[in-house]
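Heads up: the sequence shown is residues 3 to 160, going by our numbering.
Report on one structure; see the data block that follows.
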Amino acid sequence: MKLSRTGWNNVIIFSVMIFIIVINITNKKLFSSDDKQQLTIFAKHAVILSLSIEQQISVDRVGRNWQATPAKISGQALEQMMLTWHEIEGDIVTQPPELDRQMALVVSIELAGDEQTNVLNLFITNTELLVFNNQEKRWLAFPLAIFSQLIPTEILAS
Numbered sequence: 003m004k005l006s007r008t009g010w011n012n013v014i015i016f017s018v019m020i021f022i023i024v025i026n027i028t029n030k031k032l033f034s035s036d037d038k039q040q041l042t043i044f045a046k047h048a049v050i051l052s053l054s055i056e057q058q059i060s061v062d063r064v065g066r067n068w069q070a071t072p073a074k075i076s077g078q079a080l081e082q083m084m085l086t087w088h089e090i091e092g093d094i095v096t097q098p099p100e101l102d103r104q105m106a107l108v109v110s111i112e113l114a115g116d117e118q119t120n121v122l123n124l125f126i127t128n129t130e131l132l133v134f135n136n137q138e139k140r141w142l143a144f145p146l147a148i149f150s151q152l153i154p155t156e157i158l159a160s
């Protein structure tokens, strides 16, 4: 088969295009799955002004820093806790298990620009942490290990 230089260029171009299409199709089949949708508790741009846990401890933004009252936690541990609250991603739960609402750990969070306080109910199960956002009527599931990052043991200690 004799092809001119232009003909060979066209063969190479079409071969590369077909190869790219094949890679894209197989990549989508390999890596697209029906994974659960992941969401953060609050919008990425939301700014947390204060956080109250069971109305026993309050964490407030003071300038660019955080202050806990009573001062059970401070410094980098407090900064990390608040960063975790802002950035953590969980799976949306469409069918939550039956839980005793009285066993919930209640966390109230005020966001900049929101008129209402966001009330979250935290439930610990054997396998995961479930968070119910009362305003959005939405359940999120997190790995159980995340609980100690959201609510460090220093806070719960008497």
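All C-beta atoms in this analysis are idealised placements derived from N, C-alpha and C, irrespective of residue type, glycine included.
Being a predicted model, the structure only gives us computed values, none of them experimental.
Own chain, CB closer than 6 Å to residue i, minus 5 neighbours either side, in chain order
| i | result |
| --- | --- |
| R63 | L51 |
| A48 | L113 |
| E89 | none |
| F164 | The structure shown does not extend to residue 164, since the chain spans only 3 to 160, so no value can be given for it. |
| V61 | L53, W68, A70 |
Short Cβ contact (8 Å threshold) for residue i with residue j
| i | j | result |
| --- | --- | --- |
| V109 | L85 | no |
| I94 | L142 | yes |
| P154 | T127 | no |
| I111 | L122 | yes |
| Q40 | E81 | no |
| E138 | L107 | no |
| I157 | I23 | no |
Enclosing alpha helix (DSSP H) for residue i [first to last residue]
| i | result |
| --- | --- |
| T71 | It is not in any alpha helix (DSSP H) - T71 instead sits in the beta strand (DSSP E) that spans 67–71. |
| I157 | 155–158 |
| L152 | 149–152 |
Identity of the residues DSSP links to residue i by a beta bridge
| i | result |
| --- | --- |
| L53 | V61, I111 |
| T42 | E91 |
Span separating the alpha-carbon of residue i from that of residue j
| i | j | result |
| --- | --- | --- |
| N12 | I27 | 23 Å |
| F144 | A70 | 25 Å |
| N136 | R103 | 12 Å |
| A73 | L152 | 16 Å |
| S161 | K46 | Nothing in the structure corresponds to residue 161, since the chain is present only between 3 and 160. |
| R66 | A79 | 15 Å |
| L1 | I15 | Nothing about residue 1 can be reported from this structure: the residues present for the chain run from 3 to 160 only. |
| W10 | I25 | 23 Å |
| M105 | G77 | 30 Å |
| Q97 | D116 | 28 Å |
| S6 | F21 | 23 Å |
| T129 | M19 | 47 Å |
Residue range of the unbroken beta strand (DSSP E) whose run includes residue i
| i | result |
| --- | --- |
| L132 | 130–135 |
| A143 | 140–145 |
| I126 | 120–126 |
Close Cβ partners of residue i (< 7 Å) along its chain, the five nearest in sequence each way excluded
| i | result |
| --- | --- |
| Q118 | Q137 |
| F149 | I126, L131 |
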